[in-house]
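A.B. asks: Have a look at the structure that comes next, please.
Chains as they are written, first to last, in my numbering: chain A, 7 to 482; chain B, 7 to 482.
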């Protein structure tokens, strides 16, 4: 294995090196598509299990809708198809014949799902309807990067239908909170939350809420979005219900999703010069045990002690690396690269002292302790501590890279020379946002949704009265 | 809800009625594709969890490969593309432009996976390589039926690479055993296992093994297949490895899969005139509790007792149906239709007698028992009994509908008038199988793989010396 590129010198290359060398993904023969290798896919399965649990708490049920969307269906919501048509892959032939109607591979499933919901929803008793689907979607992309932007990706998309606007607003906010909690508790990633500026909302939505993380290189990365779709899609797909008074009403819809981009997010937020650092809650291997021995005799007793630890530590995902053709040093390096949160070393000295040696991936700290004291509870609490420590490190980095600016000069200076998030007063005009982008390459990641007195605040660039605080950053 | 069609009078209509009324699936706006509704999808998730556990025992790891396969890749194995090309959906446009190279939506993933394996496999130390993928696939179908035959379906496909032919043969057999065990233990479905006749093997395989179940209407249904691919794909995709002596060798490959067709299989094997009957091991709801009351006062105490049961019974998937706008009779009917294995009724009489009443879906048997005796262990063992009873019923049906015939007249009689499996001596010629099919509509589901003395046996139709016992049946 060639050494990783330096994270500080060439973050983009470092990222690709980690993806490939940590065995997370591989390039494929299909432009813009990657192969999720077992180690990378296992991380996704961990995320899925956790999100399934969270969605169940909101009474969301999993279902599955078709991959292919007939042109006549996808075309019904005008804003939506305008936004997505340029990104779509289109099937024109099936079963050896040209099709009478083109089929779009889903770039997202609002259209096909809502055309079905119109059959399912008749009465207020059918509401709220809360459906989620785990699926692959395809969006044609010019510039791709493993996990972060690929032509095909995996995701979940939640779709809920509500009798009232208030309920739908609340659901959109709840989905966002669910994602923020998931980012925090499961991925150990702090996020900023807020609303996308109108010019960057989901095609066809009333508004879009977003969670934005901060990568180590100071770039923002959108981690999950929640859309309040209002009544637009319901009207386009003829979804109606009879309320308690028997009156026909149009419901309100939300949709929200996170994708395999989250794997990339974990890499760019937590990774270091040695490679990946996985939060224990999504680590396919939480503890790796590396035996250290020289003679055959040592080998037998050391391996026996390693097996004993593996049996003793329950409720923990453990790998015993008993490969005989690799040196301990090679193994240390490999498991560090792959981001395993905790390494346990066991050698003749440990055996003699009835101790174990462990090394934390989050701090690099090495400790020796009595083997008898290292029970399952100890290991589990150590993993919790690592989980918390990764979050705190990421939080510290975000705090140190979040600035508030009143002048454009100040803003441009932070964005160009330091990197990170910049809060600044904004006049609410797309034109101003575009001008700021053309100079700084930064976009508005979100606008503040808290009520705040903007009296006297002026837009950082235009000098117009500001309407909102906006969060600017260069972004993935 | 309209009543179900009669299973005896119109099995095909009964099947569709069950699929739709039990809320398993819905038709979609896309020809030949269905929507997996939450209840149907939950059954699939149960199957997935169980199969993941079984595959893990064989050291198979999950991964994910691209949906779209470039024409130049899918074309490399001649037999394979000949078999699959007529069934493929083809993407010709992406990102608003005509593509330079057509992309096929995977009908199965041998081609895209093995073109990648050629990069991953260098040495005998990389073998065996055992990968599984959960994915959607698309095969253009003229006549579709929910779950049983749909244009898009969900499945798992295992792909393993081995250094020797023996190992690959063994893996193909192990995958078949894994499926047969899964059918038996998890789906409560007995299956026949054997080899597909050469004219019906997987396109590009050396041979195909199959599990065949028997529906209640006497038709066979292929439940899972395991293919020994030999070296054909390895040669086409240039997969080579250096053996321990440093010599370049061509490995042997297997692939094997089961799909959402299994949901249809469960319906046609276990269903009865009242609807679905789900084996407890894959039932999203194993126990439904139906409260029975007339007055508000009764309601409160009955619901309290129901909640207490729900809390008491751990390790069981329970639903308390506390809808106040539906009568107990309506609920009984609905949960029978949806195949819930065990219904518990709790009314004022039960309360007074400190008892519960339960009704088994497999037998319809109704029992009253002391509530104190009905603990988790009792409920769990009752569910095991139901699981076993469903298997025995299906096994009995299969035994009563499996015949051995020495004459064509006899065979034709059984196939036309009784239905089921017919074992008969076969001369090994496709032509003979085709002639039998043209008269009886029955195909060879599998040929016997056990060593057996065929001396003196004559083909049931041609009178030629028979080479194998073949299992004939009309099939889904």
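Here a beta-carbon is modelled for each residue, glycine too, at the ideal position from N, C-alpha and C. Bear in mind that the values here come from a model prediction, so they are computed numbers and not experimental data.
What do you reckon, is the C-beta of residue 255 of chain B under 7 Å from a heavy atom of the ligand SAM?
C.D. replies: Of ligands this structure carries none, so the ligand SAM is not represented either.
A.B. asks: What runs of the beta strand (DSSP E), each 3 residues or longer, lie entirely inside the segment 436 to 461 of chain A?
C.D. replies: DSSP runs (the beta strand (DSSP E)) wholly in the segment 436 to 461 of chain A: 449 to 453.
A.B. asks: Enumerate, from N- to C-terminal direction, the unbroken alpha helix (DSSP H) stretches of 4 or more residues contained entirely within the segment 324 to 363 of chain B.
C.D. replies: With a minimum length of 4 residues, the continuous alpha helix (DSSP H) runs that stay inside the segment 324 to 363 of chain B are 334 to 343, 354 to 359.
A.B. asks: Residues of chain A with CB closer than 7 Å to the CB of residue 43 of chain B, please, in chain order.
C.D. replies: The answer, in chain order, is 69.
A.B. asks: Scan the segment 173 to 239 of chain B and note each continuous beta strand (DSSP E) run of 3 residues or more that stays entirely inside, going in chain order.
C.D. replies: Counting whole runs of 3 or more residues, the segment 173 to 239 of chain B contains the beta strand (DSSP E) stretches 198 to 201, 213 to 220, 226 to 236.
A.B. asks: Is the separation between the beta-carbon of residue 95 of chain A and that of residue 140 of chain A shorter than 8 Å?
C.D. replies: Cβ distance not < 8 Å, so residue 95 of chain A and residue 140 of chain A don't count as in contact.
A.B. asks: Assign residue 394 of chain A to one of three DSSP states: helix, strand, or coil.
C.D. replies: Reduced to three states, the DSSP call for residue 394 of chain A is helix.
A.B. asks: CB-CB under 7 Å to residue 386 of chain A, same chain, minus the five flanking residues each way: which ones, in chain order?
C.D. replies: Within the same chain, residue 386 of chain A has close Cβ partners 321, 322.
A.B. asks: Does DSSP classify residue 5 of chain A as helix, strand or coil?
C.D. replies: This structure gives no information on residue 5 of chain A, because the portion of chain A shown stretches from 7 to 482.
A.B. asks: Can you tell me where the alpha helix (DSSP H) holding residue 65 of chain A begins and where it ends?
C.D. replies: Premise fails: residue 65 of chain A is in no alpha helix (DSSP H) and is neither H nor E.
A.B. asks: Indicate whether at least one CB of chain A lies closer than 8 Å to the CB of residue 81 of chain B.
C.D. replies: Residue 81 of chain B does not count as touching chain A.
A.B. asks: Quick one: which residues of the segment 79 to 105 of chain A get their C-beta closer than 8 Å to a C-beta of chain D? List them in chain order.
C.D. replies: The structure shown contains no chain D; its protein chains are A and B.
A.B. asks: Near residue 438 of chain B, what residues of its chain come up, given a Cβ to Cβ distance below 8 Å and the 5 sequence neighbours on each side ignored?
C.D. replies: Within the same chain, residue 438 of chain B has close Cβ partners 432, 465, 467, 468, 470.
A.B. asks: What is the residue span of the beta strand (DSSP E) that residue 427 of chain A lies within?
C.D. replies: From DSSP, the beta strand (DSSP E) with residue 427 of chain A extends over 427 to 432.
A.B. asks: DSSP puts residue 31 of chain B in a beta bridge; with which residues?
C.D. replies: Residue 31 of chain B is bridged to B:42.
A.B. asks: Between A:445, A:366, A:69, A:208, which lies nearest to residue 122 of chain A when the distance is taken from Cα to Cα?
C.D. replies: That would be A:69, whose Cα lies nearest to the Cα of residue 122 of chain A.
A.B. asks: Which residues in the same chain have their Cβ closer than 7 Å to the Cβ of residue 342 of chain B, if we skip the five residues on either side of it in sequence?
C.D. replies: So the list reads 280, 281, 367, once near-sequence residues are dropped.
A.B. asks: Quick check on the burial criterion: 16 or more other C-beta atoms within 10 angstroms. Buried or exposed for residue 34 of chain A?
C.D. replies: The residue is buried, with at least 16 neighbouring Cβ atoms inside 10 Å.
A.B. asks: I want to know whether the segment 110 to 117 of chain A touches the segment 59 to 76 of chain A - three or more CB-CB distances under 8 Å.
C.D. replies: These segments touch.
A.B. asks: Looking at the C-beta of residue 243 of chain B, does it have a partner C-beta in chain A at a distance below 8 Å?
C.D. replies: No - not a single Cβ of chain A is within 8 Å of the one on residue 243 of chain B.
A.B. asks: If we count the other Cβ atoms within 10 Å of its Cβ and call it buried at 16 or more, is residue 90 of chain A buried or exposed?
C.D. replies: Buried, since its Cβ has 16 or more Cβ neighbours within 10 Å.
A.B. asks: What does residue 167 of chain B pair with, by DSSP beta-bridge criteria?
C.D. replies: In DSSP, residue 167 of chain B forms a bridge with B:135, B:259.
A.B. asks: At a cut of 8 Å, does the segment 388 to 397 of chain B reach the segment 418 to 432 of chain B through at least three beta carbon pairs?
C.D. replies: They do not touch, by the three-pair rule.
A.B. asks: Hey, quick one: how far does the alpha helix (DSSP H) through residue 483 of chain A stretch, first residue to last?
C.D. replies: In the structure as shown, chain A begins at 7 and stops at 482. Residue 483 of chain A is therefore absent and cannot be evaluated.
A.B. asks: Name the chain B residues that come within less than 7 Å of residue 122 of chain A, Cβ to Cβ?
C.D. replies: Those are 32, 34, 41, listed as they occur along chain B.
A.B. asks: Can you tell me whether DSSP reads residue 410 of chain A as helix, strand or coil?
C.D. replies: In the structure shown, residue 410 of chain A sits in a strand (DSSP, three-state: E or B).
A.B. asks: Around the C-beta of residue 235 of chain B, are 16 or more other C-beta atoms found within 10 angstroms, so that it is buried, or is it exposed?
C.D. replies: Looking at its Cβ environment, which holds 16 or more other Cβ atoms inside 10 Å, residue 235 of chain B is buried.
A.B. asks: With a threshold of 6 Å on Cβ separation, who are the neighbours of residue 446 of chain A within its own chain once the five nearest residues in sequence on each side are excluded?
C.D. replies: Contacts found: 418, 421.
A.B. asks: Output the residue ranges of the beta strand (DSSP E) runs that lie fully inside the segment 87 to 115 of chain B and measure 3 residues or longer, sorted by chain position.
C.D. replies: Runs of the beta strand (DSSP E) inside the segment 87 to 115 of chain B: 95 to 100, 103 to 111.
A.B. asks: Kindly list, in the order they appear in chain A, the residues whose Cβ is closer than 7 Å to that of residue 146 of chain B.
C.D. replies: Ordered by position in chain A, the residues that pass the 7 Å Cβ test against residue 146 of chain B are 100, 101.
A.B. asks: Run through chain A and tell me which residues come within less than 8 Å of residue 343 of chain B, C-beta to C-beta.
C.D. replies: Neighbours of residue 343 of chain B on chain A: none; closest Cβ ~18 Å, over 8 Å.
A.B. asks: For a contact defined as C-beta to C-beta under 7 Å, what are the partners of residue 273 of chain A on chain B?
C.D. replies: Near residue 273 of chain A there are no residues of chain B at all, since even the closest Cβ is about 17 Å away, more than 7 Å.
A.B. asks: Residue 288 of chain A and residue 193 of chain A: beta carbons closer than 8 Å?
C.D. replies: For residue 288 of chain A and residue 193 of chain A, yes; Cβs fall inside 8 Å.
A.B. asks: Assign residue 81 of chain A to one of three DSSP states: helix, strand, or coil.
C.D. replies: If DSSP states are grouped into helix, strand and coil, residue 81 of chain A belongs with coil.
A.B. asks: On the premise that residue 138 of chain B lies in contact with residue 163 of chain B, defined as a C-beta separation below 8 Å, what is that separation, rounded to the nearest angstrom?
C.D. replies: Indeed, because the Cβ distance is near 7 Å, the residues count as touching under 8 Å.
A.B. asks: Would you please state the rounded distance, in angstroms, between the beta carbons of residue 297 of chain A and residue 328 of chain A? I believe it to be under 8 Å.
C.D. replies: 6 Å between Cβ atoms; contact.
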